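Protein sequence lines correspond, in order, to chains W and H. First residue of the first sequence: 917, per the working numbering; consecutive thereafter. First residue of the second sequence: 28, per the working numbering; consecutive thereafter. Glycine is no exception: its CB is placed at the ideal position from the N, C-alpha and C atoms. These numbers come from a predicted model, not from an experiment. Following: one structure in structure tokens, then a few remarks.
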Amino acid sequence: MDLMAVNLAYGIEKLLLIGGIITVSLIVAMYTTYAERKVAAWMQDRVGPNRAGPFGLLQPVADGLKLFFKEEIIPLTSNKTLFVLGPALAMVTAMLTSAVIPWGSSIEIFGRNVSLQIADVNIGILYVFGVVSMGVYGIMIGGWSSNNKFSLIAAVRGASQIISYELAMGLSLIALLMMTGSLSLKTIVQQQMEGGWNILYQPLGFLIFLICVFAECNRTPFDLPEAENELNFGYHQEYSSMKLGLYLFSEYVNMFISSAVVSTLFFGGYDIPFVDEAALSLSIGANTVALLGFGALFTKIIFFLFLFIWVRWTIPRFRYDQLMDLGWKKLIPLALANMLITALVILWLNK
Amino acid sequence: MASLTNRAKVLEQKPMNFMERLYLPAIFKGMAITFMHMFKKKATISYPEEKRPFSPVFRGLHVLNRDEEGRENCTACGLCAVACPAEAITMEGAERKTSEEHLYREEKYAAKYEINMLRCIFCGLCEEACPKDAIYMSETFAPSNFTRKGFIYSKDELLIPNPVNDKEKYDIAKGMREAQLKNK
């Protein structure tokens, strides 16, 4: 009986956490679209959306409503099951990754110690990789089932791009994992809290990882699957209404989650810089520190979201052969070299 | 071939050096430029709240003038209609009755006066042709409309407010015609 009660509370706690994180990611994704338009406008000496609500803050709501109320068209020649499955898959995989990210240390509610992480899987990073590479299925299925040449080209481009960059991404992370010795994201964060952020030890690894993240999120300069002037919006060309909305939205959710992963792996996650959390929690309480830590993580995430937008409105798109050249001939050898050097240094230090 | 001037520059196509091939310095430079632009003055004018001033010689929407006593200047001579290259102006003349001397300045007046703003090319020839200073062009343009008919402006839309019993509006309309349009 006791065990049941504990499990019920545990289940409610996790459900609430999942609901909260999904809500937060969706809202952040919503306002990233707003930020994207605003920042793009500022960088081009314009003012951006400012009509819907104060400072145009209701613009994403208006956009969402518009997408919901538009006519939904499923092309006659498309594969209908797959056509519906595509955007759903894109959205689901975008959200799934948030499960293993530690959003903060634990807080105390009603005498229970609640960890701000949905699942502390001991293979956290592998899980992230597995799910992220699933994301390409959304693109591929969407592009294939549309039965449209442009969509198909875009789908093939997306798939080959993500496969190429996943390799370099994994290799750059292996160097990091050799240092941490753990695949659990929580452990990685805790190590960074004690020993300094990983960016200090792995600057090259971070750079490679960041470039690959841009490619995985299909963001400029690697937005070839949805190159509007080459492929008419690529894989989601045949989509309308909220199905299109889900595709566009999943891109922003992906950006949010990727920013969280980058902050967790290289920038200390929920670590507040230059502050000893253990000492601070004695003076102002563990809950406050946990919330502050969540705030710190969020600040880092917002910075990376800004970086995504900033880069998009600065750099033009790669040509396709340049993209492959960069992925296979530059990033993979670099990541390999980085891995070898890290391994040698670790061996030399342990000697 | 010898160059015509000594300003010609020979284009050198050197292979890129290492820093250039690295591509990253160029990216950072570009990002610095875009970041700086975020704080620059915006070129946007928020239209309905804020308006770009027109020059005093701007040829905008037509206004039919009155004299100081509020009498219409137009005598329906038809010179503006003849001068109009787009044939946008139509009018019908009428004779002034004895009781109407406070309304019209001369013995003949325009009973009907219409300008089709869709035909008008805002060249200002009507203004130049008018011998009575009856038509001039203001510093605003025709607002949008839902129907084609709405663009055919009749006399009551074109006439300037009476300076005797509506001095305030007359003054506004003298420079800015939109105040008059809003009150319509």
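Taking C-beta atoms under 8 Å as the contact rule, P991 of chain W and E1154 of chain W qualify, at a distance of about 5 Å.
Residue-level contact by beta carbon fails for R1073 of chain W and chain H, as no gap is shorter than 8 Å. Chain-ordered, the chain H residues with CB closer than 8 Å to the CB of V963 of chain W read K69, T71 and S73. In this structure, DSSP gives M65 of chain H a state outside helix and strand, which the three-state scheme calls coil. The Cβ of W958 of chain W sits closer than 8 Å to at least one Cβ of chain H.
Look at M65 of chain H: its C-beta is under 8 Å from a C-beta on chain W. Secondary structure note for S30 of chain H: it is in no alpha helix (DSSP H), with a DSSP letter that is neither H nor E. Chain-ordered, the chain W residues with CB closer than 7 Å to the CB of G57 of chain H read T1230 and I1231. For W1226 of chain W, a Cβ of chain H is located within less than 8 Å of the residue's own Cβ. According to the DSSP assignment, T1204 of chain W belongs to no beta strand (DSSP E) but to the alpha helix (DSSP H) extending over A1202 to R1228.
Across the structure, P1119 of chain W and F985 of chain W are spaced so that their CA atoms are roughly 47 Å apart. Each of W:M1158, W:F1045, W:G1040 and W:G1211 was checked against the Cα of V1000 of chain W, and the nearest Cα belongs to W:M1158.
Judged by their CB atoms, A108 of chain H and I148 of chain H are not nearer to each other than the 8 Å cut-off. Residue W:N1114 holds the alpha-carbon nearest to the alpha-carbon of T1180 of chain W among W:N1203, W:W1244 and W:N1114. Listed along the chain, the chain W residues whose CB falls inside 8 Å of the CB of T61 of chain H are M959, W1226, W1229 and T1230. Distance from the CA of K182 of chain H to the CA of M118 of chain H, rounded to the nearest whole angstrom, comes to 10 Å.
Two segments are said to touch when three or more pairs of C-beta atoms, one from each, lie closer than 8 Å; by this definition the region 1083-1100 of chain W does not touch the region 1163-1180 of chain W. P1141 of chain W places its beta carbon less than 8 Å from that of R1073 of chain W. At a cut-off of 8 Å between beta-carbon atoms, I54 of chain H makes contact with chain W. Per the Cβ contact rule, the region 1008-1025 of chain W is in contact with the region 1048-1062 of chain W (3 or more Cβ pairs under 8 Å). The beta carbon of E987 of chain W is closer than 8 Å to those of S1156 and S1157 in its chain, skipping five residues each way along the sequence. Straight through space, the alpha carbons of G177 of chain H and C153 of chain H are spaced by roughly 21 Å.
The continuous alpha helix (DSSP H) containing R48 of chain H extends over residues F45 to L49. Distance from the CA of W1244 of chain W to the CA of L49 of chain H, rounded to the nearest whole angstrom, comes to 15 Å. Annotation: the continuous alpha helix (DSSP H) that includes A156 of chain H extends over L152 to A156.
Counting the other Cβ atoms within 10 Å of the Cβ of W1019 of chain W gives 16 or more, which makes it buried. Sorting W:Q1077, W:G972, W:L924 and W:E1167 by C-alpha distance to the C-alpha of Q1238 of chain W places W:Q1077 at the top. DSSP, reduced to helix, strand and coil, places K135 of chain H within a strand of the structure shown. As the crow flies, the alpha-carbon of S126 of chain H is around 25 Å from that of P158 of chain H.
The C-alpha of R1233 of chain W is placed about 4 Å away from the C-alpha of P1137 of chain W. Judged by DSSP in its simplified three-state form, T1180 of chain W adopts helix. Just so you know, the alpha carbons of A945 of chain W and T32 of chain H end up roughly 58 Å apart. Around the beta carbon of A1070 of chain W, 16 or more other beta carbons sit within 10 angstroms, so the residue counts as buried.
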